[in-house]
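Enquirer: One structure, pasted below without further comment.
Number of protein chains: 2
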Amino acid sequence: MSKSVGKTSTVEAEASTKREQILTAASRVFLTQGYRGTSMEMVAKESGAGRQTVYNQFASKKALFDDTLALLWEKMSVDRIVSRTGSDRSPEEALLEIGNAIADFWVPENTVAFLRMVIAESIHFPELADSFFTFGQGAARRAVTEYLSMLRETRALEVLDPELAAAQFIGLVNEPLLSSRVVDGGKAPSTVRRRRVVHEAVRTFLARYGTDKHSASPRHGSEPRR
Amino acid sequence: MSKSVGKTSTVEAEASTKREQILTAASRVFLTQGYRGTSMEMVAKESGAGRQTVYNQFASKKALFDDTLALLWEKMSVDRIVSRTGSDRSPEEALLEIGNAIADFWVPENTVAFLRMVIAESIHFPELADSFFTFGQGAARRAVTEYLSMLRETRALEVLDPELAAAQFIGLVNEPLLSSRVVDGGKAPSTVRRRRVVHEAVRTFLARYGTDKHSASPRHGSEPRR
DNA sequence: AGAGCATTGTACTGTACAGTCTAGTCCAGA
DNA sequence: TCTGGACTAGACTGTACAGTACAATGCTCT
């Protein structure tokens, strides 16, 4: 509030604001314990602040939760996936890039924990699920759909139903990499593994939808270097 | 306990045992509200029984939860998916059957609610996630993997990595049908939609892994009848 | 040093809930 | 009609927690 160089301003380095300390602590606790499993006491302890300070910064538990989600959401940015769809490369290269963006998106443990939490709390906070679907999953799907539609019009691919094809492509990438991590607490796949899965996803996808037979080698050509 | 025709035995028809009444009520409440969101009071109300009776039948809330899960689990039976993998039909027909079994598995609202709940409670009850992964998702994946391995050995398909291919196939089916339902509360897809998605999944899969070019029609052949 | 403000710990209120206890009710079978 | 066992309702205990009130303790800037 203080207009000039507020009290806690060590040039805002390191520990940043108390508020942010609390927020990052809250994100840790909420992500591991869920909404109902988290008490204000726990957040206070985790952040090193007093419980009263937490209430000083956030009107209620729900308010803290909302702001925490906003912070997490901000850090994720689906944009990295969406932006890859504008490229002017060959379909194969572009799909590799999009696929890698999708695969990399889920690498940080927090991202998976976030998904888990969205699913868990979607019953009690439907708007959370809505926004996730609209801006997350849905956005990615729409971007891929649009990209495929474009490729259809330029006859670069033979896609009859771009929406379904987009879902297929995402499924080819996500199912091998993600599904076990959501339900079980599996470890994030290595870079090599991710690259390989994406490579295979693109190969399979193009085997079906490619016009010029991209799958250059009739048998099983270029494995990505192990 | 009573050796002969116990008291509540209207030939055990209709309302069945009090215990079962409570269990089915509990499954409704747990599935919609989650573990922490469910109180013994709610279960009692929902089942029409007194709270004390609930405690009479189940030692604790956790015990009730476990038994409820066992009941739900029993009703689901992944066997329907696994058993389809033994067929002696052509790969195309077999894959269609397996794919349809997977797609149909998720039709009942309860199945999706169950998955949602497993994800939600997996933090607090890791053994729940474990058993789900082992006997549910994992079992299906293993069955498909084995089937593909077999096809590889008989040279019916050109599958280098049956495990990855199995995950791909499941992803081709599940992502278009399931992912939006888990996070959002979307409605179950129609039979027509399911058949179509599975058909497309098989087409894509075989375009990549088929030996004789199954995708008989070079362009886009047999659409399933709309 | 002193004023002002954020921070903090502690205590308090109200609520929700698991789990127990008890007294009363209903029903079957003798 | 009597007896025994299950069912029910209500009161009660103990705990956990959201949210508030308040008094004490710093820190910063002047």
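Heads up: the protein sequence lines correspond to chains A and B, in order.
Residue 74 in the numbering used here sits at position 74 of the first sequence, and the numbers go up by one each step.
Counting the second sequence from 1 gives a position; the numbering used here is that position plus 226.
Glycine included, every Cβ here is placed at the ideal spot set by N, Cα and C.
1) Taking C-beta to C-beta, are alanine 201 of chain A and valine 107 of chain A nearer than 8 angstroms?
2) Using CA atoms only, rank isn't needed, just tell me which of B:Glu323, B:Glu389, B:Phe291 and B:Phe361 is closest to glutamate 347 of chain B.
3) Hey, does glutamate 127 of chain A have any beta-carbon neighbour from chain B nearer than 8 angstroms?
4) Which one of A:Arg181, A:Thr68, A:Ala156 and A:Ala166 has the shortest CA to CA distance from isoleucine 98 of chain A?
5) Kindly indicate which three-state DSSP category leucine 386 of chain B falls into: helix, strand or coil?
6) Across the segment 406 to 420 of chain B and the segment 372 to 388 of chain B, are there enough close Cβ pairs to call them in contact, namely three or more that are closer than 8 angstroms?
7) Check distances from the C-beta atoms of the segment 387 to 398 of chain B to those of chain A and list, in chain order, the residues that come in under 7 angstroms.
8) Within the continuous alpha helix (DSSP H) that includes glutamine 283 of chain B, where are the two ends?
9) For serine 2 of chain A, which three-state DSSP category applies?
10) Leucine 257 of chain B and phenylalanine 340 of chain B: beta carbons closer than 8 angstroms?
11) Between the C-alpha atoms of asparagine 400 of chain B and valine 78 of chain A, what's the straight-line distance to the nearest angstrom?
12) Would you report the Cα separation of arginine 116 of chain A and valine 269 of chain B, rounded to the nearest angstrom?
13) List, in chain order, every chain A residue whose beta-carbon is nearer than 8 angstroms to that of proline 317 of chain B.
14) Please compile the residues from chain A whose C-beta is within a distance smaller than 7 angstroms of the C-beta of serine 348 of chain B.
15) What's the C-alpha gap between leucine 398 of chain B and valine 424 of chain B?
16) Say whether chain B places a C-beta atom closer than 8 angstroms to the C-beta of proline 189 of chain A.
17) Within 10 Å of its beta-carbon, does serine 39 of chain A have 16 or more other beta-carbons around it, so buried, or fewer, so exposed?
18) My output table needs one value for leucine 210 of chain A: the three-state DSSP class, helix, strand or coil.
19) What are the residues of the segment 249 to 269 of chain B that lie near chain A, defined by any Cβ-Cβ distance shorter than 8 angstroms?
20) Return the CA-CA distance between tyrosine 261 of chain B and isoleucine 349 of chain B, expressed in angstroms with no decimal places.
21) Have a look at B:Asn282, B:Asp314, B:Lys287 and B:Ser242 and flag the residue whose alpha-carbon is nearest the alpha-carbon of alanine 252 of chain B.
22) Any heavy atom of the ligand MN within a distance shorter than 7 angstroms of the CB on leucine 249 of chain B?
23) When you check each C-beta in the segment 372 to 383 of chain B against every C-beta of chain A, which residues fall closer than 8 angstroms?
24) Under the three-state reduction of DSSP, which class applies to histidine 350 of chain B: helix, strand or coil?
25) Tell me the residue span of the alpha helix (DSSP H) that contains tryptophan 73 of chain A.
26) Count the other C-beta atoms from every protein chain shown that fall within 10 angstroms of the C-beta of alanine 289 of chain B, then say buried if there are 16 or more, exposed otherwise.
27) For methionine 342 of chain B and chain A, any beta-carbon pair shorter than 8 angstroms?
28) Quick check on this structure: which residue in B:Arg419, B:Arg306 and B:Glu335 has the alpha carbon closest to the alpha carbon of glutamine 511 of chain B?
29) In chain A, what lies closer than 9 angstroms to aspartate 356 of chain B by C-beta?
30) Got a sec, what are the start and stop residues for the alpha helix (DSSP H) lysine 45 of chain A sits in?
31) Between the C-alpha atoms of proline 126 of chain A and lysine 271 of chain B, what's the straight-line distance to the nearest angstrom?
32) Quick one: what does DSSP say glycine 263 of chain B is sitting in, helix, strand or coil?
33) In three-state terms, what does DSSP make of glycine 447 of chain B?
34) Is the separation between the beta-carbon of isoleucine 102 of chain A and that of alanine 140 of chain A shorter than 8 angstroms?
35) What residues of chain B sit near isoleucine 102 of chain A, judged by a beta carbon separation below 9 angstroms?
36) Assuming isoleucine 345 of chain B contacts isoleucine 22 of chain A (C-beta within less than 8 angstroms), just tell me the rounded distance between them.
Expert: In this structure, then:
1) no
2) B:Phe291
3) no
4) A:Ala166
5) coil
6) no
7) Leu390, Ala393, Gln394, Ile396, Gly397 and Leu398
8) 277 to 283
9) Model confidence at serine 2 of chain A stands at a pLDDT of 32, short of 50, so the residue's coordinates are unreliable; what they give is reported in the following sentence. The answer is coil: DSSP assigns serine 2 of chain A none of H, G, I, E or B.
10) yes
11) 22 angstroms
12) 26 angstroms
13) None at all; the shortest Cβ gap to chain A is about 15 angstroms.
14) Val183
15) 8 angstroms
16) no
17) exposed
18) It is glycine, not leucine, that sits at residue 210 of chain A in the sequence shown. In this structure, glycine 210 of chain A counts as strand in the three-state DSSP scheme.
19) Thr258, Gln259, Gly260, Arg262 and Gly263
20) 12 angstroms
21) B:Lys287
22) As for the ligand MN, it is missing from this structure, which has no ligand bound.
23) none
24) coil
25) 61 to 76
26) exposed
27) The amino acid occupying residue 342 of chain B in the given sequence is arginine; methionine does not appear at that position. Arginine 342 of chain B counts as touching chain A.
28) Beyond the ends of chain B as shown, which are 227 and 452, falls residue 511 of chain B; an answer cannot be given.
29) Asp184
30) 40 to 47
31) 25 angstroms
32) coil
33) In this predicted model, glycine 447 of chain B has a pLDDT of only 41, less than 50, meaning its place in the structure is not dependable; the value taken from the coordinates is given anyway. Glycine 447 of chain B falls in the coil class under three-state DSSP.
34) yes
35) By Cβ distance, chain B contributes nothing, its closest Cβ being about 11 angstroms from isoleucine 102 of chain A, past 9 angstroms.
36) Wrong, their Cβ atoms sit about 27 angstroms apart, outside the cutoff.
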